[in-house]
Amino acid sequence: LADGWEEVFQRFATDLTVQRLIAGAVVVNDLRAEVESMLGFTCSGGVATNKILAKLGCGLHKPNQQTLLLPHAAPVLLKDLPLDRLPGLGGDFGQAVKHRFEVETAGQLLQVSRLDVMKHFPQRGEWLLALVAGEDSAAEAVKDRQLVKSLSNGKTFFGEKRLRSVAEVDYWLGELAWELHRRYQKQVEKHQRTPTTLGVSLSMEKESNAKEHLTRQQSINLGSSGSVEHILTAAKALVRRAGHLSDVVVLGLCLSNMVSLEASGSLTKYFGKAAENAGGSIEKFAKSRVKPKAQDQDQENLLKASFARAAKREAEPIGRMDQEVDEGVLAELPLNIQEEIRKQMGQMGKEPRAKKLCAEIVEIDA
5 LADGWEEVFQ RFATDLTVQR LIAGAVVVND LRAEVESMLG FTCSGGVATN KILAKLGCGL
65 HKPNQQTLLL PHAAPVLLKD LPLDRLPGLG GDFGQAVKHR FEVETAGQLL QVSRLDVMKH
125 FPQRGEWLLA LVAGEDSAAE AVKDRQLVKS LSNGKTFFGE KRLRSVAEVD YWLGELAWEL
185 HRRYQKQVEK HQRTPTTLGV SLSMEKESNA KEHLTRQQSI NLGSSGSVEH ILTAAKALVR
245 RAGHLSDVVV LGLCLSNMVS LEASGSLTKY FGKAAENAGG SIEKFAKSRV KPKAQDQDQE
305 NLLKASFARA AKREAEPIGR MDQEVDEGVL AELPLNIQEE IRKQMGQMGK EPRAKKLCAE
365 IVEIDA
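Per the numbering used here, the very first residue in the sequence shown carries number 5; after that it's consecutive.
What follows is the structure, encoded as structure tokens:
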């Protein structure tokens, strides 16, 4: 332990909460060292009696450090903390609180009488006062869950390590994509789940140490066998959408909206089913409408063969559909079926083209 911890141990020798927090700080220190050893990334940590204080403490000493916030120190941390830094107070409710009591910090709100707070905010007053005091009752309990909601990682670049070119950003996107892909594969293997959304976040340092924060996201179809290149290509596209990049100090990636593999992959299957149904409709309609004479056996065979080919083409999955459609056959179909076939062909970026055979069909039908 660092210098001075022996004194802390002795001072709080009978305080079980402090003893547990100190033990937790040792564990966090070991975890941070393990992350750097295995992944090459440094990270910071915060240890406190609840998630809110731990997160606030984590941001106090960076990079590659950690903060242990003991209970008696929480009021000192919160005293000058802007209200919008606390969860739940960054939006309209936080603005209403600041306007009503003419306050800006947690410490200032603590000076307002409980009666006034409860008078103006009877539904959330107790929670609000507990929040600005740093009490555990205001924080969401830590839940141990087997299934994650998202996979994310990021890196901070200080001082001369700031990213000043697209090439530098692309390099670190590749590093983050590789690590994220490894975790995504574990989700597939262990839980048969895959993400459906990719997000990129970055912060750029502007003049007077001001920061510009940008986030972009889009859908992504990794399925069960997505690649690092798949994630990286999508991430680069999102970064390009952010516009000009300079002095990037924070870069992060996130895969979210996890769904089961069974639920994720059925777009192609859906269109294949639609095409199959359309093909069946063509054949059924042909049988009901076309009634050649018995003696015209050759013409009948030609007509059946034409409908068979059309049905076969429509039964193929959308990704492999022939770009040619017998317009003569198409014109004889009900409008809803025509629209469905033309819509599918349009999604491939192709317009139906008539084949020579359709002239023969039109002639026979006439």
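Note that beta-carbon positions come from the ideal geometry of N, C-alpha and C, so glycine has one too.
Assigned with DSSP and collapsed to three states, C47 falls in coil, not helix or strand.
V252: member of the beta strand (DSSP E) spanning V252 to S260, first to last residue. In the DSSP annotation of this structure, the continuous segment of the alpha helix (DSSP H) that includes R245 starts and ends at V232 to R245. When DSSP states are grouped into helix, strand and coil, Q191 belongs to the helix group. For N261 and Q222, the gap between their C-alpha atoms comes out near 11 Å. Remark: fewer than three beta-carbon pairs, one from each stretch, lie closer than 8 Å, so the segment 36 to 49 and the segment 146 to 153 are not flagged as touching.
A straight-line Cα-Cα distance of about 12 Å links H103 and L87. Beta-bridge partners of K159 (DSSP): L255.
The straight-line gap separating the alpha-carbon atoms of L119 and L135 is approximately 16 Å. Under DSSP, the beta-bridge partners assigned to E209 are K215. When DSSP states are grouped into helix, strand and coil, R128 belongs to the coil group.
Nearest to T198 by C-alpha distance, out of Y188, P91 and L133, is Y188. The DSSP-derived three-state label of T18 is coil. Taking a C-beta distance under 8 Å as the contact criterion, E209 and V253 qualify as a contact pair.
Under the three-state reduction of DSSP, S141 is assigned to helix. Here G49 is buried. Its C-beta has 16 or more other C-beta atoms within 10 Å. Burial check for H65: the Cβ neighbour count within 10 Å stays below 16, so the residue is exposed.
The continuous beta strand (DSSP E) containing L72 extends over residues Q70 to L72. In the assembly as shown, L35 is an exposed residue. Its beta-carbon has fewer than 16 other beta-carbons within 10 Å. For the pair R166 and G111, the Cα-to-Cα distance works out to about 35 Å.
Around the Cβ of F161, a 10 Å sphere holds 16 or more other Cβ atoms; the residue is buried. Inter-residue distance for L202 and L265 is about 17 Å (C-alpha atoms, whole angstroms). Between V204 and the set C258, R244, L81 and N213, the nearest pair of CA atoms involves C258.
The residues L236, in chain order, have a CB closer than 6 Å to that of G178 in the same chain once the five nearest residues on each side in sequence are set aside. In this structure, V121 places its C-beta atom within 8 Å of the C-beta atom of L133. The three-state reading of DSSP puts L119 in helix, counting H, G and I together.
With fewer than 16 other Cβ atoms inside 10 Å of its own Cβ, T21 counts as exposed.
The residues F105 and V107, in chain order, have a CB closer than 8 Å to that of V116 in the same chain once the five nearest residues on each side in sequence are set aside.
When secondary structure is reduced to three states using DSSP, S229 falls in the coil class, being assigned neither helix nor strand. The Cβ neighbour count for G227, taken over all protein chains shown within 10 Å, is under 16; the residue is labelled exposed.
Annotation: the continuous alpha helix (DSSP H) that includes H103 extends over D96 to F105. Counting along the chain, V80 sits inside the alpha helix (DSSP H) bounded by residues A78 to K83.
Boundaries of the alpha helix (DSSP H) around A110: A110 to L114. If you draw a straight line from the Cα of A142 to the Cα of K240, it is about 39 Å long. Only residues of its own chain outside the window of five on either side were considered, and among them S48, G49, G50, Q70 and T71 have a CB closer than 8 Å to the CB of C62, listed in chain order.
When rounded, the separation of the alpha-carbon atoms in A171 and L255 is 14 Å.
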